[in-house]
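This report refers to the structure that appears directly beneath it.
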Amino acid sequence: MSSAESAPEWFSQFADFAYDTRTNFKANFDRLAAHRNWGPKLKNKRWTECLSGTIDGSDADFKKLEKWQALCHEVRITNVPDSITGCKKALGSREILVNIVNLIDHRLSRVPLIRFQNYGAFHKYTTKGRIFPLNKAKEEGFINALLRRL
Numbered sequence: 028m029s030s031a032e033s034a035p036e037w038f039s040q041f042a043d044f045a046y047d048t049r050t051n052f053k054a055n056f057d058r059l060a061a062h063r064n065w066g067p068k069l070k071n072k073r074w075t076e077c078l079s080g081t082i083d084g085s086d087a088d089f090k091k092l093e094k095w096q097a098l099c100h101e102v103r104i105t106n107v108p109d110s111i112t113g114c115k116k117a118l119g120s121r122e123i124l125v126n127i128v129n130l131i132d133h134r135l136s137r138v139p140l141i142r143f144q145n146y147g148a149f150h151k152y153t154t155k156g157r158i159f160p161l162n163k164a165k166e167e168g169f170i171n172a173l174l175r176r177l
């Protein structure tokens, strides 16, 4: 197991928990929830805090075109636009189906980023506990561009 120093910052508040970089982000969170004996309501609240705390740091620079273009490359958009508005439009396309929790996991532990080929596969994957909190997703930044109705 890895130390909390290599874990996303949110996990560092739990000194008795060792974040395992060999497994994914959600698995670490679920293990922490079991370790702390969180009930369903508290677990859901903490999941929202964890996702928000983890994404806040990576969302800060999204006023720069380069960050938007990098995200377009990351989700495998072939013709990357040359404006922020163009990038937002491309990312918001119905053909771009990326789960936000998977994207976070990809960035943290290098699990493969899944770009779903159809809405059915995206929906099935997302509704298995991989839902980013709507109130946080609607805030400014790249999350809103990737938000999809379930």
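To convert, note that position 125 of the sequence shown is 152 in the working numbering; the numbers rise steadily by one, no gaps. Quick reminder that beta carbons are idealized off the backbone N, C-alpha and C, glycines included. Values in this document were obtained by computation on a predicted structure and should not be read as measured data.
Identified DSSP bridge partners for residue i
i, result
"R142", "V125"
Integer-rounded CB distance, given that residue j should sit under 8 Å from residue i
i, j, result
"I123", "F159", "The pair is not a contact, with the Cβ atoms about 15 Å apart (cut-off 8 Å)."
"L10", "F52", "The chain is shown only over 28 to 177; residue 10 falls outside these bounds and no answer can be derived."
Three-way DSSP call (helix, strand, coil) for residue i in this model
i, result
"G113", "helix"
"A42", "coil"
"E32", "Residue placement at E32 cannot be trusted, given a pLDDT of 41 that sits under 50; what the coordinates show is reported in the next sentence. Helix at E32."
"L67", "A small correction: the amino acid at residue 67 is Pro; Leu does not occupy that position in the sequence shown. In the structure shown, P67 sits in a helix (DSSP, three-state: H, G or I)."
"L177", "coil"
"K72", "helix"
"K53", "helix"
"T154", "coil"
"F169", "helix"
"A164", "helix"
"D132", "helix"
"G80", "helix"
Residue environment, residue i, which counts as buried when at least 16 other CB atoms sit within 10 Å
i, result
"D109", "exposed"
"A164", "buried"
"D132", "buried"
"Y46", "buried"
"A61", "exposed"
"P35", "buried"
"T112", "exposed"
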